[in-house]
Amino acid sequence: MNSTRFPDYEVAGDADTTVFLLHGAYGSRAYFRPLIQTLVLAGYRVVAWDAPGYGMSPLPEGGLSIESLAEAATRLIERERSRFNVVVGHSMGGIVAPLASLHAKGLVHGLVISATVATFSRKSAQDKATFAEERIGPIRRGLPFKEAALPVIRGMLAPTSSGPLVDLVVEVASGMQADTFCAAIEAIVGYDGEENLKAVSVPTLLIAGAHDKVGRPEGMRSLTGLIPNARFVCIDGAAHYAFAEQPAAFNAALLGFLSELSTAKA
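As numbered in my numbering, residues 173 to 438 make up the sequence shown, in order.
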């Protein structure tokens, strides 16, 4: 298997502004289907990938790291860019997105970071160990992935969250390969992205769910002190998957940000 194989992705819409969607450690581009439709109907072109190891993209021989994921995302941006490009990263994707924007050398004009720890550099060794143990400990001990994943995924939803978009997230997130997921969690815990966040210069929108225990609102709000041109939005009634739990509020925040960027570039 070639570790440099280009990741699988899809393109929808036709516009001079392209929105790149980077999914989280649980999932694939499939859970973005409703968001892709919303963006295309709003007049944007969308590129959504399956990160290396996800969907039909094979896990690279050398495993995963945030750096290697960012390099792959950069190649995708370079291949599919249009005149104006915005990268939207959810959870793990929100860790990858800032580094990819730096690698892309001026091709990225805006960032959206959703439900993201962003950097584990400020977490204690115990916090890191707990985060990893909750997610991959049972899998390492032989529990089937879906059985191990479902309680964690449901625990990342707000108590009142339900509906077809939430069901889609649960279905996609619980149906992935265990080895890919374990490699992704190890990559996330081992990454220190604080200096890269400080280097981001493009307008950035930080979106948190009010009940998120992973990308905690207070932690995401604090990133406005690291990223020079960042603003913060908190979505009531949502936890880790605000784009599915409260799609109207999430889409309003995202589309408002994209509209402002479009106005600024005009």
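From the three backbone atoms N, C-alpha and C, an ideal C-beta is built for every residue, glycine too.
The residue from E319, Y203 and P323 with its alpha-carbon nearest to that of L340 is Y203.
For T189 against R217, the beta-carbon gap comes to about 7 Å, under 8 Å, which counts as contact.
When only Cα atoms are considered, W221 and S296 end up about 32 Å apart. For S240, the enclosing alpha helix (DSSP H) has its first and last residue at I238 to E252. When secondary structure is reduced to three states using DSSP, A184 falls in the strand class.
Per DSSP, the unbroken alpha helix (DSSP H) holding F317 starts and ends at F317 to G327. Collapsing the DSSP output to three states places A380 in a strand. Closest option to N423, judged by alpha-carbon separation, among V289, V386, H383 and L377: L377. Of the candidates A320, L193 and I357, L193 places its Cα closest to the Cα of S286. For N257, the enclosing beta strand (DSSP E) covers residues F256 to H262. Boundaries of the alpha helix (DSSP H) harbouring V341: P336 to A345, taken from the DSSP string. By the neighbour-count definition (other C-beta atoms within 10 Å, threshold 16), L369 is a buried residue. For G282, the enclosing beta strand (DSSP E) covers residues G282 to S286.
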